[in-house]
DNA sequence: CGCGTCTGACTGACGCGTCGATCATTTAGC
DNA sequence: GCTAAATGATCGACGCGTCAGTCAGACGCG
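Chains as they are written, first to last, in the UniProt record's numbering: chain V, 1 to 216; chain L, 1 to 216.
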């Protein structure tokens, strides 16, 4: 795969194709994206797309990787300056809320990625590589909080399983337009999970502070 | 839609087509199912499929409805004889665990349904109709438990949001082959949610009993 | 500097396989 | 013998991938 999908020519053009491809996938869906559509957005021809990528599937898979990598880098930068573990978790949650178009599109990509992975086990390795990063981010933040003495000693892996499951499930509800879930109630639910499972105080601790930090 | 998809002829043949279609969708994916494939399983021709359904999309959408309805009926029957609210919830969870091929396929259908609904808002009404049933089942069971005096007076809707989100998220992890989630840890996680949010005792109550009932 | 050559990005019309849908025809039931 | 049910060859649209060709700029050489 490395040499097959390794781009020829200038990487800016190649990136332009990927940058055009992934929002298209997010909005129309993997199976409804035509090579012609990507070419049109880049202001180029279908031949050019095939000049940089062997086939349509390669464009789409690379676009997937591109999108996930971009998001991961963005999150990493945002978290770098936050020391307090609780605030890191809250910031992590805040960045996952499908509020803007960007994050909504990223969730759409994930949803489709899940579907394809479920149908085609060959994608599992790639998927789990991506997903593990996000899960590890939670686990490491919990451990940090426990070292800082602001979190109870809950099993970090078990907690991360719960938090990420609830996050994914809630995002689905929002994307599908479920009437009983909104961005606000998603935030509230996730913050509540943190309070319930990590807080030192039995009643859940500083809810008010959490809500404020969550909106930052 | 009503008259367009309303079947002609004997309903057994029509149902046979749907019965053949939905596992095919679950295993190969909506977009990879050919009319020819469905016909082949039924031991019939593509013409017959089009005799009962106007187009391919109609077959697939009806198959979706068929699958969801069947599952809902099955669950309703299983729950009918269970009086105790906690045992009802545990049974509900147990039936959602993607352990066998049947339930796995149903989750695959849901996953694809979510994806399509996210991409095509016209499906939202249908999707929310289906989803609401499952959410209501949880809400009503919680209320029942509160009337029975075995559940704390947590907000049933908020609780249902959490439980269903976590369920959906956990199922996705299992279907995508995530290394840190198994059927057992999914069960454990969901039972733990019940204990934490509904149990009368502060420590979570009868975990042992719950685990046993869960396997029934 | 000027000329010829070469390379490599880019084009877009076309071939070809695929698949949904059609419809003339056959078969079965009453 | 009439109607409903079922067939499957055939049509036509669609879209991926190919490939012969264009063009601009780099390069070498006198």
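The beta carbon of each residue, even a glycine, is placed where N, CA and C say it ideally should be.
Everything numeric in this text was worked out from a predicted model, so none of it was measured.
What is the C-beta distance between residue i and residue j, in whole angstroms, given that I count them as a contact (C-beta under 8 Å)?
i: residue 159/V; j: residue 198/V; result: 7 Å
i: residue 168/V; j: residue 172/L; result: 6 Å
i: residue 138/L; j: residue 92/L; result: 7 Å
i: residue 192/L; j: residue 161/V; result: Between residue 161/V and residue 192/L the Cβ distance is about 10 Å, and since that is not below 8 Å, they are no contact.
i: residue 89/V; j: residue 174/V; result: 20 Å between Cβ atoms; not a contact.
i: residue 134/V; j: residue 154/V; result: At roughly 19 Å, the Cβ-Cβ gap does not stay under 8 Å, so residue 134/V and residue 154/V are not in contact.
i: residue 186/L; j: residue 79/L; result: That pair is no contact at about 20 Å.
In chain order, what residues of the same chain lie with their CB nearer than 8 Å to the CB of residue i, ignoring the 5 residues before and after it?
i: residue 27/L; result: 105, 108
i: residue 20/L; result: 38, 41, 42
i: residue 30/V; result: 60, 112, 116
i: residue 152/L; result: 146, 197, 198, 199, 200
i: residue 15/L; result: 66
i: residue 184/V; result: none
Along the alpha helix (DSSP H) that carries residue i, what are the first and last residues, could you check?
i: residue 136/L; result: 124-148
i: residue 113/V; result: 101-119
i: residue 158/V; result: 156-175
i: residue 188/V; result: 183-198
i: residue 91/V; result: 85-96
i: residue 73/L; result: 56-80
Got a sec? Which residues, its chain only, sit under 6 Å from residue i by beta carbon, not counting five neighbours each side?
i: residue 4/V; result: Residue confidence for residue 4/V is low, a pLDDT of 35 falling below 50, so the modelled location carries little weight; the figure read from the coordinates is stated next. Closer than 6 Å at Cβ, skipping near neighbours: 54.
i: residue 71/V; result: 106
i: residue 99/L; result: 183
i: residue 84/V; result: none
Please go through the same chain and pick out, in chain order, the residues whose beta-carbon is closer than 7 Å to the beta-carbon of residue i, but skip the five residues on each side of it.
i: residue 66/V; result: 18, 22
i: residue 156/L; result: 139, 142, 143
i: residue 49/L; result: 17, 35, 38, 39, 59
i: residue 177/L; result: none
i: residue 216/V; result: In this prediction, residue 216/V scores a pLDDT of 38, lower than 50, which makes its location untrustworthy; the coordinate-derived value is nonetheless stated afterwards. So the list is empty, once near-sequence residues are dropped.
i: residue 126/V; result: none
i: residue 63/L; result: 18, 21, 22, 25
With a floor of 4 residues, list each alpha helix (DSSP H) that falls wholly inside the UniProt DNA-binding region "H-T-H motif" (34-53) of chain V, ordered by position along the chain. Entirely contained in the UniProt DNA-binding region "H-T-H motif" (34-53) of chain V, the alpha helix (DSSP H) runs reaching 4 residues are, in chain order, 35-42, 46-52.
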